[in-house]
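The structure under discussion appears below in the form of structure tokens.
In our numbering, the protein residues as written are 24 to 184.
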């Protein structure tokens, strides 16, 4: 009888210990605080060669004085000003394409003006609809158009570059 009681006690203690460990043990990948494990050393990770290129961002204009400074700094380069609004659907559609063009043509200065935040610049350039693209060369307007027309944007960029 004594042996079976000891056996019973061991079994209960062992079960409780296992349950306690099971309740406390959380896989470390289930917790978002831990980063995923590194790949095994024998697997080659492809290297993105394009990541070595410098990324040229489209410059966001905050006020009319900032716009004047950027235009002065651009000198003889082609400047494309994108007049947009955060709530404008076609503007959101064009944003990734403008980023691509800025990276593809680093010699072209790309500026973005939020018409709601920088009303002075929108009034100065007589912006009636969004998106409106104004092309400037030596601070002189060469062409402008409104609408989300990717082909026309690239065509004018290549024409006046």
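Note that CB positions come from ideal geometry on N, CA and C, so glycine has one too.
Small disclaimer: the values here were computed from a predicted structure and weren't measured.
For residue i, the residue or residues it bridges with in DSSP
| i | result |
| --- | --- |
| residue 157 | 104, 167 |
| residue 83 | 135 |
Unbroken beta strand (DSSP E) run spanning residue i, endpoints
| i | result |
| --- | --- |
| residue 117 | No beta strand (DSSP E) contains residue 117, which is instead part of the alpha helix (DSSP H) from 112-127. |
| residue 135 | 132-137 |
Counted within 10 angstroms of its Cβ, other Cβ atoms place residue i as buried (16 or more) or exposed
| i | result |
| --- | --- |
| residue 111 | buried |
| residue 106 | buried |
| residue 163 | exposed |
| residue 181 | exposed |
| residue 174 | exposed |
| residue 155 | buried |
| residue 9 | This structure cannot speak to residue 9, because the chain is shown only from 24 to 184. |
| residue 96 | exposed |
| residue 130 | exposed |
| residue 92 | exposed |
| residue 74 | The predicted position of residue 74 is uncertain, since its pLDDT is 49 and thus under 50; no value can be drawn from it. |
Separation of residue j from residue i, as counted between CA atoms
| i | j | result |
| --- | --- | --- |
| residue 157 | residue 139 | 17 angstroms |
| residue 126 | residue 133 | 10 angstroms |
| residue 135 | residue 122 | 11 angstroms |
| residue 90 | residue 84 | 6 angstroms |
| residue 167 | residue 183 | 12 angstroms |
| residue 143 | residue 149 | 10 angstroms |
| residue 71 | residue 151 | Per-residue confidence for residue 71 stands at a pLDDT of 49, beneath the threshold of 50, marking its modelled position as unreliable; no derived number is given. |
| residue 100 | residue 161 | 7 angstroms |
| residue 141 | residue 108 | 10 angstroms |
| residue 82 | residue 145 | 16 angstroms |
Best match in the options for proximity to residue i [C-alpha to C-alpha]
| i | options | result |
| --- | --- | --- |
| residue 147 | 173, 170, 88, 182 | 88 |
| residue 170 | 94, 118, 128 | 118 |
| residue 159 | 113, 96, 102 | 102 |
| residue 177 | 141, 128, 86 | 128 |
| residue 153 | 86, 115, 98, 82 | 115 |
Residue range of the alpha helix (DSSP H) that includes residue i
| i | result |
| --- | --- |
| residue 182 | 173-183 |
| residue 150 | That residue, residue 150, is in no alpha helix (DSSP H); it is neither H nor E in DSSP. |
Residue i: CB within 7 angstroms of a non-hydrogen atom of the ligand MG
| i | result |
| --- | --- |
| residue 111 | Only the bare structure without any ligand can be found here, which leaves the ligand MG out of the picture. |
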